[in-house]
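Participant: I'd like to ask some things about the structure below.
There are 2 protein chains.
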Amino acid sequence: MISKKMREHVEGSSVIRAMFEEGKRLAEQHGAENVYDFSLGNPSTPPPAEINDIINAILKDEKPTTVHGYMSNAGYEDVRLAVADSLNRKFAANLGAKNIIMTTGAAGGLNVILKTLLDPGDEVVVFAPFFSEYRIYVDNYGGKLVVISPNTADFQPNLNELEEKLTSRTKALIVNSPNNPTGVVYSEETVKNLAGILRRAQKKFGTDVYLLTDEPYRELAYDGVFVPYIPKYYENAIVGYSYSKSLSMPGDRIGWLAIPSEASDSENIIDGATVANRILGFVNAPSLIQRTVAGMLGLKTDVSGYDRNREAIYGGLLEAGYECVRPQGAFYLFVKSPIGDDREFCRLAKKYNILVVPGTAFACPGYFRIAYCVDYSVIGAALPKFGDLMEGIGNISR
Amino acid sequence: MISKKMREHVEGSSVIRAMFEEGKRLAEQHGAENVYDFSLGNPSTPPPAEINDIINAILKDEKPTTVHGYMSNAGYEDVRLAVADSLNRKFAANLGAKNIIMTTGAAGGLNVILKTLLDPGDEVVVFAPFFSEYRIYVDNYGGKLVVISPNTADFQPNLNELEEKLTSRTKALIVNSPNNPTGVVYSEETVKNLAGILRRAQKKFGTDVYLLTDEPYRELAYDGVFVPYIPKYYENAIVGYSYSKSLSMPGDRIGWLAIPSEASDSENIIDGATVANRILGFVNAPSLIQRTVAGMLGLKTDVSGYDRNREAIYGGLLEAGYECVRPQGAFYLFVKSPIGDDREFCRLAKKYNILVVPGTAFACPGYFRIAYCVDYSVIGAALPKFGDLMEGIGNISR
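In order, the protein sequences belong to chains S and R.
Residues 1 to 398 in the numbering used here are what the first sequence lists, from first letter to last.
Residues 1001 to 1398 in the numbering used here are what the second sequence lists, from first letter to last.
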């Protein structure tokens, strides 16, 4: 028998992943071109061709025992230094190699930092809607998730409610901007206000409250929107990054944590995260791909394809009568469900071969998520189906 | 502040890893050629040249969105099938693609299967001496470690004591053959007797007891010794494998779990392990290296270098007056400390620039571990120092 908790996890297994599998089945049944799968944030833009060139050069030039061998659990020193330097250049940060822990993607990084920080019963705050895995990651280490209800007006976080829900047990917040699932970017005003609230709470309770900022979508921003570098506004901010989305390499599992020296107890957090990387079984971020990171730092993310998708599907859905806050980042659209029950809506959508994820999966019922990281042609083909779906719902309601 | 548990982990941080760092420092101080670092199981044999050829071919021939993209959390179907087929050929096993979960090394695999199986308070049995990380992996999921004391006569497991310590809460055993730290291979008789004891316990308590067999050293066996394929002897056996040692690629973090259909509750364990891979933050075994596995299955591990090292250091140490059970696998020697306090012995050894790990780190005081996966020249240079060390100890004792 598997454990009680795992039985629950398996039964309630990721709605998003289940959709991904369902999409594969539907594609086999109806032909891939007749299925409109907007379920998974699997980048459609291919990784930059330079990635493979960088890997080839490493295989050719570097010692195999280095490329495939152990290194310190925190990562290769030269790679950590390269990441620190690039952040210093971009954001006038003050990071050294020691402040960077190379991780097995952002999911690995979040698990590492939560393992490092959480005592059982510690509270971790998230703003709904949020990426559903956060709930499980916090539970992995005995933490208690505190959910702030959504601000559906513009999907900036609900800071009034935050202030009420901070306690002496609040150990961390997880924020994610550009946001999955809303595509919203937290404004500088939001970040400043958030920092102010957290500082007041730290003072009031005599605690440290860490702001864990999950940033796999940082480079996916449109309309020239400003994406604040949160550690500039708040000392106890730890950045988790991944190349999964920005460079379209989610399978490779590579990212990092930046733990600034300005953060309280920084040295212990760095040591703890290094040990956590080891004892959680990651041991180290995968070596060959880790070595490519230094070369990848100069690569530009081409967001023009996603931007074109965004304009097309956002405009098309509005025209078909859907309601949605205009997203400025990531590759998601969070759309109001035309019927109250978002899960029922997603079931109806499936009849039109449209796969989208219900908002309940993100703790925000009444909405659904579209991942528009698909071929442009899929959007063109899907929009009439979204129209038919809306019309079909109208006929049912009538 | 970091968590209480992580503070303890950081303070008691891996002795082995600490030695590795110490080795780097000593090498800088005295020159690498004057330091005899036997502390870490970091393979000295370079990975087979074919590995890089396989990676190059994948980068050239396969779609970048496949090579760097998401796949099912359990791994690529074709890779899982290739692994299953190779085990079927080698061991007349009866595995399909569904029975294989691709993992982030064996450390990742063990964490995944323990997360899948353990309810808090469940007992996991290990035989001393054992790889110290097992203690932490079990603790990660609230399990209780039950240690069987060492059988120092030949370092086969102490099965009499096992029988006494099995309870209705025993959920799993972890075994590791060829063994770290002893280099001993479990005999067929051992495995048969072990299977008999576990079957009796299952019947007595009405439970399932899973035998988790951690096999990164399977291919590193000498003297033509027979390494039993444990699932042939016991139905509830789950194999964890890694290419870290056999193909000298520990940095890449790639391995698999084999969960046979014959195991109780097999379907749920497979589903659970797939979900655990995701929710622990591994998400999937690193994609590019995972794709190389299919090509790696045909590669032969060249153990001749390790074998030569083994003969040289084993013979040399006996000659210098040390006592040791002749190892037939892995690349470790577990030597009796000439003084009772093995930690004190390791401190003395460091004065001769010899780095070895105390047996207490493996729950077996009075011994020390030598990892002989080093250049042959290191052994030749170190043996006189081991002699000096023994003589120095003799002088102290006199």
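Beta carbons: idealized from backbone N, C-alpha and C, even for Gly.
If you're wondering where the values come from, they're calculated on a predicted model, not measured in any experiment.
Give the DSSP-derived three-state secondary structure of Ala1195(R) in the structure shown.
Facilitator: DSSP places Ala1195(R) in helix when its eight states are reduced to three.
Participant: Do you know offhand how far Met1006(R)'s Cα is from Gly142(S)'s?
Facilitator: Using only the alpha carbons, I get a separation of about 13 Å.
Participant: For a contact meaning CB atoms closer than 8 Å, what does Phe282(S) contact in chain R?
Facilitator: Per Cβ cutoff of 8 Å: Thr1104, Ala1107, Gly1108, Arg1253, Gly1281, Phe1282.
Participant: State yes or no: is the C-beta of Ala1382(R) within less than 9 Å of the C-beta of Phe1038(R)?
Facilitator: Yes.
Participant: Can you tell me whether Ala1093(R) is helix, strand or coil according to DSSP?
Facilitator: DSSP places Ala1093(R) in coil when its eight states are reduced to three.
Participant: Determine, using beta carbons only, whether Pro1422(R) comes closer than 9 Å to chain S.
Facilitator: What is shown of chain R runs 1001 to 1398, which leaves residue 1422(R) out entirely.
Participant: Compare the C-beta of Lys1203(R) with all C-beta atoms of chain S and state if any pair is closer than 9 Å.
Facilitator: By this cut-off, Lys1203(R) is not an interface position.
Participant: Give a yes or no on whether 9 Å exceeds the smallest Cβ distance from Phe386(S) to chain R.
Facilitator: No, no contact with chain R.
Participant: Counting pairs of Cβ atoms below 8 Å between the region 256-272 of chain S and the region 1252-1267 of chain R, do you hit three or more?
Facilitator: These segments do not touch.
Participant: Of all Cβ atoms in chain S, is any one closer than 9 Å to the Cβ of Ala1084(R)?
Facilitator: It does not; no Cβ of chain S falls within 9 Å.
Participant: Please name the residue, chosen from Val83(S), Asn395(S), Ala18(S), Ala106(S), that lies closest to Ala244(S) on a Cα-to-Cα basis.
Facilitator: A small fix is needed here, since residue 244(S) is Ser in this sequence, not Ala. Ranking the options by Cα distance to Ser244(S), first place goes to Ala106(S).
Participant: Could you tell me which of Pro1384(R), Pro1338(R), Ile1254(R) sits nearest to Gly1315(R), measuring between CA atoms?
Facilitator: Residue Pro1384(R) is the option with its Cα nearest to Gly1315(R).
Participant: Tell me, please, whether the CB atom of Thr65(S) is closer than 9 Å to any CB atom in chain A?
Facilitator: The structure shown contains no chain A; its protein chains are S and R.
Participant: Chain S beta carbons: is any one of them nearer than 9 Å to that of Asn1180(R)?
Facilitator: No, no contact with chain S.
Participant: For Asn179(S), count neighbouring C-beta atoms within 10 Å of its own C-beta (all shown protein chains included) and say buried if the count is 16 or more, exposed if not.
Facilitator: Asn179(S) should be labelled buried.
Participant: Relative to the alpha-carbon of Pro48(S), which residue among Val303(S), Arg199(S), Val357(S) has its alpha-carbon at the smallest distance?
Facilitator: Comparing Cα-Cα distances from Pro48(S) to each of Val303(S), Arg199(S), Val357(S), the minimum goes to Val303(S).
Participant: At a CB-CB cut-off below 7 Å, which residues of chain R make contact with Asn111(S)?
Facilitator: Under the 7 Å cutoff, chain R gives Leu1280, Gly1281.
Participant: Would you call the region 1203-1223 of chain R in contact with the region 1235-1244 of chain R, where contact means no fewer than 3 C-beta pairs closer than 8 Å?
Facilitator: A contact exists between the region 1203-1223 of chain R and the region 1235-1244 of chain R.
Participant: DSSP three-state label for Leu37(S), please.
Facilitator: With the sequence shown as reference, residue 37(S) is identified as Asp, and Leu is not the correct amino acid for it. Residue state, collapsed to three classes: strand.
Participant: Reducing DSSP to helix, strand and coil, say where Lys171(S) ends up.
Facilitator: Correct three-state label for Lys171(S): strand.
Participant: Hey, could you find the ends of the beta strand (DSSP E) Lys1005(R) is sitting in?
Facilitator: Run containing Lys1005(R): none in the beta strand (DSSP E); it sits in the alpha helix (DSSP H), 1004-1011.
Participant: Would you identify the three-state DSSP class for Ile370(S), choosing helix, strand or coil?
Facilitator: Note: Ile370(S) maps to strand in three-state DSSP.
Participant: Between which two residues does the alpha helix (DSSP H) containing Leu1220(R) stretch?
Facilitator: No alpha helix (DSSP H) contains Leu1220(R), which DSSP labels as neither H nor E.
Participant: Any beta carbon of chain R sitting closer than 9 Å to that of Thr116(S)?
Facilitator: With 9 Å as the cut-off, Thr116(S) counts as an interface residue toward chain R.
Participant: Three-state secondary structure (DSSP) at Ile1339(R)?
Facilitator: Coil at Ile1339(R), not helix or strand.
Participant: Are Asn277(S) and Val124(S) closer than 9 Å when you measure CB to CB?
Facilitator: No, these two residues do not count as a Cβ contact at 9 Å.
Participant: Check whether chain R comes within 9 Å of Tyr406(S), counting only Cβ atoms and requiring the distance to be less than that.
Facilitator: Missing from the structure shown is residue 406(S); chain S here goes from 1 to 398 and no further.
Participant: List the residues of chain S that Pro1046(R) touches, going by C-beta distances under 7 Å, in chain order.
Facilitator: Going along chain S in sequence order, the residues near Pro1046(R) (Cβ under 7 Å) are Pro64, Thr65.
Participant: Please check the pair Arg1218(R) and Thr1104(R), which I expect to be a contact at CB under 8 Å, by giving their CB distance rounded to whole angstroms.
Facilitator: So it is not a contact: roughly 19 Å between Cβ atoms.
Participant: Tell me the DSSP secondary structure of Met102(S) in three-state form.
Facilitator: DSSP places Met102(S) in strand when its eight states are reduced to three.
Participant: Our contact map puts Tyr1306(R) next to Gly1183(R) with C-beta atoms below 8 Å; I'd like the distance itself, whole angstroms only.
Facilitator: That pair is no contact at about 10 Å.
Participant: Please list, in chain order, all residues of the same chain as Phe1282(R) whose beta carbon is under 6 Å from its beta carbon, the five residues on each side excluded.
Facilitator: Same-chain partners within the cutoff: Thr1104, Gly1108.
Participant: What do you get for His1030(R), buried or exposed, if any count of 16 or more other CB atoms within 10 angstroms of its CB means buried?
Facilitator: Counting Cβ neighbours within 10 Å, His1030(R) comes out exposed, since fewer than 16 surround it.
Participant: How long is the line joining the alpha carbons of Gly75(S) and Glu1022(R), rounded to whole angstroms?
Facilitator: Rounded to whole angstroms, Gly75(S) to Glu1022(R) spans 17 Å at the Cα level.
Participant: DSSP three-state label for Gly1380(R), please.
Facilitator: In the structure shown, Gly1380(R) sits in a helix (DSSP, three-state: H, G or I).
Participant: Taking only the alpha-carbon atoms, compute the straight-line gap between Val374(S) and Ser3(S) and give it to the nearest angstrom.
Facilitator: The alpha-carbon atoms of Val374(S) and Ser3(S) are separated by roughly 37 Å.
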